[in-house]
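Count the sequence shown with this note's numbering and you get residues 4 to 190, in order. First the structure, in the form of structure tokens, and then the observations on it.
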Amino acid sequence: MVGPARDPGRLRLLRERVRDDGAIEAMNEAAFGPDRQHKTVYRLREDVKPIRELCFVAIDQKGRMVASIRNWPIEINEKWPAILLGPLAIAPELRGLGYGKALMWHSMAQSRMQGHSRIILVGDPEYYNQFGFRRDLALHIQLPGWVEERRFLALELVAGAMIGVHGMIGKWSPKKRASTSTRRRRN
Ligand SMILES: CC(C)(COP(=O)(O)OP(=O)(O)OC[C@H]1O[C@@H](n2cnc3c(N)ncnc32)[C@H](O)[C@@H]1OP(=O)(O)O)[C@@H](O)C(=O)NCCC(=O)NCCS
Numbered sequence: 004m005v006g007p008a009r010d011p012g013r014l015r016l017l018r019e020r021v022r023d024d025g026a027i028e029a030m031n032e033a034a035f036g037p038d039r040q041h042k043t044v045y046r047l048r049e050d051v052k053p054i055r056e057l058c059f060v061a062i063d064q065k066g067r068m069v070a071s072i073r074n075w076p077i078e079i080n081e082k083w084p085a086i087l088l089g090p091l092a093i094a095p096e097l098r099g100l101g102y103g104k105a106l107m108w109h110s111m112a113q114s115r116m117q118g119h120s121r122i123i124l125v126g127d128p129e130y131y132n133q134f135g136f137r138r139d140l141a142l143h144i145q146l147p148g149w150v151e152e153r154r155f156l157a158l159e160l161v162a163g164a165m166i167g168v169h170g171m172i173g174k175w176s177p178k179k180r181a182s183t184s185t186r187r188r189r190n
């Protein structure tokens with residue numbers, strides 16, 4: 004039940020700042036546990052920086068970071084640039100109030116505005132289907148390690164962006180960034 008005690012009032016949605024890092028790590032550790040770093044998706048994040056323009060935090064009126072979403076660059080089959088969405092976490096006392104949805108829609112809209120056309124994630128389909136993430140769109144792509152198949156989902160920010168896309172997802176390589184950023188705008 005949602006009562007006034009849980010209403011934080013106005014939150015500010017900001018681009019993640021360097022000083023948010025510690026609080027985000029602590030919140031993700033609390034939400035996903037210390038073993039999260041062993042998950043396959045973390046392999047794709049090792050030594051790769053998140054996309055700064057697509058990492059957001061919600062700050063409450065006392066200046067506390069209460070929600071975070073991050074997005075990472077990846078490449079499918081060394082051909083198709085994509086975004087790896089996550090982690091997404093909301094402070095436990097504020098869950099179920101719509102902030103997760105707000106962050107998701109904001110992040111997805113910004114991703115599209117910045118020229119991206121497809122997003123991959125590993126998460127509960129019962130939550131992510133509402134944003135358009137689908138299992139069938141990820142049937143022809145693979146992650147470099149074990150994943151619970153039903154939770155491996157994709158989304159087209161541009162209609163048809165997953166058509167013909169197949170193969171192994173790899174880490175974003177910084178040296179490719181310059182050449183692929185041009186391609187990303189076209190794809
Ligand atoms: C999952 C999470 C991000 C959702 O954010 P939130 O602000 O609590 O959720 P919202 O208020 O936007 O949405 C609430 C709705 O989503 C549903 N929901 C929340 N988590 C869900 C889940 N894992 N599976 C299915 N439905 C879920 C709620 O039941 C609720 O449904 P309703 O709108 O029909 O009442 C948040 O609960 C959280 O941080 N959880 C811990 C970390 C986590 O699991 N992150 C997702 C990784 S896969």
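Every residue, glycine too, gets a C-beta built ideally from N, C-alpha and C. This one's a predicted model, so the numbers in the text were calculated from it and none came from an experiment.
* Using the Cα positions of Glu-19 and Val-44, report the straight-line distance between them to the nearest angstrom. => 21 Å
* To do: Return helix, strand or coil for Lys-65, following the three-state DSSP convention.
  => coil
* To do: In the DSSP assignment, find the unbroken beta strand (DSSP E) run with Phe-155 in it and report its ends.
  => 155–159
* Beta-carbon spacing of Leu-160, Ile-122 below 8 Å -> yes
* What are the partner residues of Asn-132, as DSSP defines its beta bridges? -> Paired residue(s): none; Asn-132 is not in a bridge.
* **Selected residue, minimal CA-CA separation from Asp-24, among Arg-15, Pro-53, Gln-40** => Pro-53
* Mark Met-68 as exposed unless 16 or more other C-beta atoms lie within 10 angstroms of its C-beta, in which case mark it buried. => buried
* To do: Could you check what DSSP says for Ser-120 in three-state terms: helix, strand or coil?
  => coil
* Which partner residues does Gly-173 have in the DSSP bridge list? -> Glu-78
* For ligand 1, residues whose Cβ lies under 5 Å from any non-hydrogen atom -> Ala-34, Leu-91, Ala-92, Ile-93, Arg-98, Gly-99, Gly-101, Tyr-102, Gly-103, Lys-104, Gly-126, Asp-127, Glu-129, Tyr-130
* Whole-angstrom distance between Asp-10 and Met-171, CA atom to CA atom -> 43 Å
* Locate the alpha helix (DSSP H) running through Ile-27, then write down its first and last residues. => 24–35
* Residues bridged to Ile-86 (per DSSP) -> The secondary-structure analysis by DSSP pairs Ile-86 across a beta bridge with Pro-76, Ile-122.
* **8 Å Cβ cutoff met for Arg-73 and Cys-58** => With respect to Cys-58, Arg-73 sits close: the two C-beta atoms are nearer than 8 Å.
* Pick helix, strand or coil for Ala-92, following the three-state DSSP scheme. => Residue state, collapsed to three classes: strand.
* Neighbour-count burial assignment, Tyr-130, 16 or more Cβ in a 10 Å radius -> Around the beta carbon of Tyr-130, a 10 Å sphere encloses fewer than 16 other beta carbons of the protein chains shown; the residue is thus reported as exposed.
* **Per DSSP, cross-strand counterpart(s) of Ile-144** => Gly-170
* Can you tell me where the alpha helix (DSSP H) with Arg-46 in it begins and where it stops? -> 43–46
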